[in-house]
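Presented below is the structure to which this report refers.
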Amino acid sequence: MEQEESAAQEDASSPLMYRVERPVYDEAFIRSRLLNHKDNSSTLRQRLAQQLRCSSKTAKAAALSFLPILTWLPSYPVKQYLFSDVVSGLSTGVVQLPQGLAYAMLAAVPPVYGLYSSFYPVLLYTFFGTSRHISVGTFAVISLMIGGVAVREAPDSMFYVLPANGSNISATVDVEARDARRVQVAVVLTTLVGIIQLVLGLLRFGFVAIYLTEPLVRGFTTAAAVHVVISQLKYLLGVKTQRFSGPLSAIYSFKAVLGDITSTNVATVILGLGCLVFLYVIKDLNQRFKKKLPIPIPGEIVVVIVSTSISYGLSLSDDYRVDVVGKIPTGLLPPAVPEFSLLSTLVTDSFAVAIVGFSMGISLAKIFALKHSYSVDGNQELIALGLCNFISSFFQTFAITCSMSRSLVQESTGGKTQIAGLLASLVVLLVVVAIGFVFQPLPQTALAAIIMVNLLGMFKQFRDVPTLWRTSKIELAIWLVAFVASVLLGLDYGLLVALTFAILTVIYRTQSPKSAILGHVPGTGLYCDVDEYEEAAEYEGIKIFHSNSSIYFANSDLYVNSLKEKTGVNPEHLQAVRKAQKKEKEKANSSHSSPLKFYAKYEKQGVTHEVLCHNHVEEEQRNGQLRDPHVQSDMEEAQFLERLSTARSIILDWTSASFIDSVGAKAIKQVIKEYADVDVRVVIAGCSRTLLSELDTLEFFTGVVTPEMVFPTVHDAVLRCQHRDSLRSAAPTTEMT
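Going by the numbering used here, the sequence shown wraps up at 738, each residue one higher than the last.
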């Protein structure tokens, strides 16, 4: 028994063996003997009919895809989930209420519109969203982008009103007219954002978020946090400054606050700093004891209630000139058509808001989906956000996306489904229709404190810089460019600059691939870089060239140049030496004197010519036998070139190549022809079947290139080259003639 267990342990510890014995394959053999394409005789009409055919199963799948709530609501486990969802929904609603009021300030619209934006979209997402845990609604970055557009399209200078009596008193701003215009701008922008997201979702463009790489998003959101904090300084200090937009707006805003720092309202500062300290302590306690606390301490709602009570009890607005939220209308507004005359000026901004909003939502949705073992659909998320923004805009809302802080509250308090989000929206609805007037004395400095503390997580993203410095300098550059450009140029232009730079880094990487000469690791089927691994050894007369990129118009020349440099075989130099040799032979024969014999040493960067002395040539002739002059000339030329280049075969390893275009195919055919002219054979190894199909389409296998020159693996190519070289060395005369 013990022997059997010992034998079983030995079998378990012994490595699995890889044994294959087969003939050497090339592409011609594979096509003629091994693989046959499936007969796809269906016509275009038949394929279209197959795609457009509608059955009950297809219709049901489409309905479930468009309304994901139908997939889980019928089987909703009330006993297991309902209590958790109720607790989570109430907790999230308590946080959503003050954030809606606060982020409306960022969007440059009256606070009540933040409550509208915290109700309608959240309600709609319950039906159309695929994530069970994210909390959609107002978000600092999106609100700030909307506010920048609203201020640009409706600046204070458009609404200055002179006194009716014509006195020397300076003009004042018509706040009601200004706010009404900014609401129109925000609503139209939201409508456009919804249309763009909806169209992209229907066209299955959910993949666009991949172009917003993580370093770009984190650098961009960190810059947005800087903008937000600077924009809230005037509310925290109680100073009156205008709101700037466009390039350098952050610098102008900060300069304006510093310039008016002497007019700081002491009561506002004391209340604001008290709220800041309290919220920071509560946030730290929630983080430290999140495993012990059944629900997070709702610091925001405590600040709202306490600061509102203090403001009302001490009459801070009247006696101490503390800015408060002001009038909050009771009830919901009737639906209204947006002012579409503004569309033309907002298209560019709407694209930026749409893409950023989607990228924020899908990134957080994927995190929670991975954590709780379910999947989210990027295209359906686009459709859901598009519908939330588009439909809600008719009810006077501004663009929304997923909020990180609220989503963490909804998930950490036990939320299981979007029933929690639905209940959170009902909490906001209760405030809007019944008790909104209670929050009219709420100081704006308290809202500024709520915004600033909620941005602490974004400022922690500065820790990315040392990490990226150690891991990836290119990703660090993307992070820094996104941050600096967004801070200096504004969030819209900054995002455009960051995207452009990220795409340029992709081009740079494809144009600067890593190339290597591979060698065989004895006893294995592995081929590795000879400069990196001691065990890797080159085969005599064979160069295996590897480049980790595809071959297309942007890097085909770089590929060819790297091939010639790495292999140390440049056919142009070889041809130049051959012509020089022939010219000297002809010159010597015409003068009936002993020719000067060239001996060339080929180096990686050039050719060195050495002229052998006349006596040395005569000695060679005396030691040799008389031969036919033409045969002798051909043999000397072949021997000369053979001495010049030690490589007789070059293998192009294309295992990393995913595609090739017509420019790349022409460049490879040309280089194969150039090497063939100097008796160096070039073959290709490791092509995928997809790449081979592209080569067939490009008519690559014509002329000097045949399927016999393409091999499925590098080892197949090596064995064929070795076999060819052995035949050549066994019959040198036949090979040369």
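Glycine included, each C-beta is placed from N, C-alpha and C at the ideal position. Keep in mind that this is a model prediction, so the values were computed, not measured.
Query raised in the report: Taking the alpha-carbon positions, what's the W655 to L496 distance?
Result: Your numbering for residue 655 matches position 654 in the sequence shown. Your numbering for residue 496 matches position 495 in the sequence shown. For W655 and L496, the distance between alpha carbons rounds to 36 Å.
Query raised in the report: What distance in whole Å lies between the Cβ atoms of K417 and S85, which are believed to be in contact at a cut-off of 8 Å?
Result: Sequence index remark: in the sequence shown, residue 85 carries index 84 (1-based). Sequence index remark: in the sequence shown, residue 417 carries index 416 (1-based). So it is a contact: roughly 5 Å between Cβ atoms.
Query - Residue nearest to G387 in terms of C-alpha spacing, selected from F396, A400 and S264 - result: The residue labelled residue 387 in the question sits at position 386 within the sequence shown. Nearest C-alpha to G387: A400.
Report task. Would you decide whether S730 is buried or exposed? Buried here means 16 or more other CB atoms lie within 10 Å of its CB. Result -> To locate residue 730, count along the sequence shown from 1; it is residue 729. Per the 10 Å Cβ criterion, exposed.
Query raised in the report: How about V95 and V428: do their beta carbons lie closer than 8 Å?
Result: On the sequence shown, residue 95 is found 94 positions in, with the first residue counted as 1. On the sequence shown, residue 428 is found 427 positions in, with the first residue counted as 1. Yes; because the gap between Cβ atoms is below 8 Å, this pair is in contact.
Query - Helix, strand or coil at T214 according to DSSP, with G and I counted as helix - result: Locating residue 214 in the sequence shown gives position 213, where the first residue counts as 1. Correct three-state label for T214: coil.
**Report entry** 6 Å CB neighbourhood of C389 in its chain, flanking five on each side removed
**Finding:** Position 388 of the sequence shown holds residue 389. Taken in chain order, the residues that qualify are P122, L125 and Y126.
Query - Y236 to S92 span [Cα, whole Å] - result: Start at 1 with the first residue of the sequence shown, and residue 236 comes out as number 235. Start at 1 with the first residue of the sequence shown, and residue 92 comes out as number 91. When rounded, the distance between both Cα atoms is 27 Å.
Query raised in the report: Ordered along the chain, which non-local residues of its own chain (more than five positions away) have a Cβ less than 8 Å from that of V377?
Result: One-based indexing of the sequence shown puts residue 377 at position 376. For V377, where only same-chain residues beyond five positions count, the Cβ hits under 8 Å are T131, S132, I363, A366, K367 and A370.
Query raised in the report: From which residue to which residue does the alpha helix (DSSP H) around A686 run?
Result: For this step, residue 686 is matched to residue 685 along the sequence shown. First-last for A686: R682 to A686, but that is the beta strand (DSSP E), not the alpha helix (DSSP H).
Requested in this report: Assign M453 to one of two classes, buried (16 or more other C-beta atoms within 10 Å of its C-beta) or exposed (fewer than that).
Outcome: Against the sequence shown, residue 453 aligns to sequence position 452. It is buried - the Cβ of M453 has at least 16 other Cβ atoms within 10 Å.
Query raised in the report: Of all the options V25, T331, N287 and W73, which has the alpha carbon lying nearest to the alpha carbon of L742?
Result: Residue 742 is absent from the structure shown; the chain starts at 2 and stops at 738.
Query raised in the report: Is there contact here, the region 478-486 with the region 205-216, by at least three beta-carbon pairs under 8 Å?
Result: yes
**Report entry** Per-residue DSSP class, three states only, for H574
**Finding:** Residue mapping note: residue 574 aligns to position 573 of the sequence shown, counting from 1. Three-state DSSP puts H574 in a helix.
Query raised in the report: Where do the N-terminal and C-terminal ends of the beta strand (DSSP E) with T402 fall, by residue?
Result: Locating residue 402 in the sequence shown gives position 401, counting from the first residue. Taken as a continuous stretch (DSSP letters only), the beta strand (DSSP E) holding T402 covers T402 to S404.
Query - Helix, strand or coil at V740 according to DSSP, with G and I counted as helix - result: Absent from the structure is residue 740, since the part of the chain shown begins at 2 and ends at 738.
Report task. Grab me the residues of K605's own chain with a C-beta within less than 7 Å of its C-beta, minus the 5 sequence neighbours each way, in chain order. Result -> Locating residue 605 in the sequence shown gives position 604, counting from the first residue. Note that K605 has pLDDT 44, beneath the 50 cutoff, so the model's placement of it is unreliable and no number is given.
Query - Best match in L272, L728, F140 and S689 for proximity to M361 [C-alpha to C-alpha] - result: Locating residue 361 in the sequence shown gives position 360, counting from the first residue. Per the Cα distances, F140.
**Report entry** Where T173 falls: helix, strand or coil (DSSP)
**Finding:** In the sequence shown, the residue the question calls residue 173 occupies position 172. T173: strand per DSSP, three-state reduction.
Report task. Using 10 angstroms around the beta-carbon of H631, count the other beta-carbons present and answer buried if the total reaches 16, otherwise exposed. Result -> The sequence position of residue 631 within the sequence shown is 630, counting from 1. Per-residue confidence for H631 stands at a pLDDT of 45, beneath the threshold of 50, marking its modelled position as unreliable; no derived number is given.
**Report entry** Supposed close pair V706, K670 - CB separation, criterion 8 Å
**Finding:** Stepping through the sequence shown from its first residue, residue 706 is reached at position 705. Stepping through the sequence shown from its first residue, residue 670 is reached at position 669. Yes, V706 and K670 are in contact; Cβ-Cβ is about 6 Å, under 8 Å.
Query raised in the report: In chain order, which continuous runs of the alpha helix (DSSP H) of length 4 or greater are located wholly inside the region 215-250?
Result: 215-238
Query - Nearest candidate by alpha-carbon position, reference Y281, set L347, Q381, G458 and L505 - result: Indexing the sequence shown from 1 puts residue 281 at position 280. Comparing Cα positions, the closest option is G458.
Query - Contact under 8 Å by Cβ, P444 with S316 - result: Stepping through the sequence shown from its first residue, residue 444 is reached at position 443. Stepping through the sequence shown from its first residue, residue 316 is reached at position 315. Not closer than 8 Å, so no.
Query raised in the report: T346: which of S727, A187, Y676 and V229 sits nearest, CA to CA?
Result: Position 345 of the sequence shown, counting from 1, holds the residue named residue 346. Per the Cα distances, A187.
**Report entry** Beta-carbon proximity check, A718 vs A677, cutoff 8 Å
**Finding:** By 1-based counting over the sequence shown, the position of residue 718 is 717. By 1-based counting over the sequence shown, the position of residue 677 is 676. No. Outside cutoff.
Query raised in the report: Is G149 buried or exposed, if buried means 16 or more other CB atoms sit within 10 Å of its CB?
Result: Walking along the sequence shown from the start, residue 149 turns up at place 148. Counting Cβ neighbours within 10 Å, G149 comes out buried, since at least 16 surround it.
Query raised in the report: Are the Cβ atoms of G542 and D680 separated by less than 8 Å?
Result: What you label residue 542 is simply residue 541 of the sequence shown in a count that begins at 1. What you label residue 680 is simply residue 679 of the sequence shown in a count that begins at 1. No, the Cβ-Cβ distance between G542 and D680 is not below 8 Å.
**Report entry** Nearest to P442 (by Cα), restricted to the options S406, S318 and Q100
**Finding:** Indexing the sequence shown from 1 puts residue 442 at position 441. Per the Cα distances, S318.
Requested in this report: Check I368 in the structure and name its three-state DSSP category.
Outcome: Within the sequence shown, numbered from 1, the residue matching residue 368 stands at position 367. The answer is helix: DSSP assigns I368 an H, G or I state.
Query raised in the report: With a cut-off of 8 Å, do at least 3 Cβ pairs link the region 346-359 to the region 188-202?
Result: yes
**Report entry** Own chain partners of V229 with C-beta closer than 7 Å, once the 5 adjacent residues on each side are dropped
**Finding:** Working through the sequence shown from its first residue, we reach residue 229 at position 228. Same-chain partners within the cutoff: L107, A141, L145, I452 and L456.
Query - Contacting residues, own chain, Cβ-Cβ under 7 Å from D350 (five flanking each side not counted) - result: Numbered from 1 along the sequence shown, position 349 holds the residue referred to as residue 350. Hits under 7 Å: V150, L190 and D493.
Query raised in the report: Relative to the alpha-carbon of I518, which residue among Y534, A503, G524 and T525 has its alpha-carbon at the smallest distance?
Result: The count along the sequence shown starts at 1 and reaches residue 518 at position 517. Closest by alpha carbon: Y534.
Query raised in the report: Who does P99 pair with in a DSSP beta bridge?
Result: Counted from its first residue, the sequence shown places residue 99 at position 98. Paired residues: none, contrary to the question.
Query raised in the report: Using a Cβ-Cβ cut-off of 6 Å (strictly less than) and excluding sequence neighbours within five positions of F120, which residues of its own chain qualify?
Result: Position 119 of the sequence shown holds residue 120. The answer, listed in chain order, is S426, V429 and L430.
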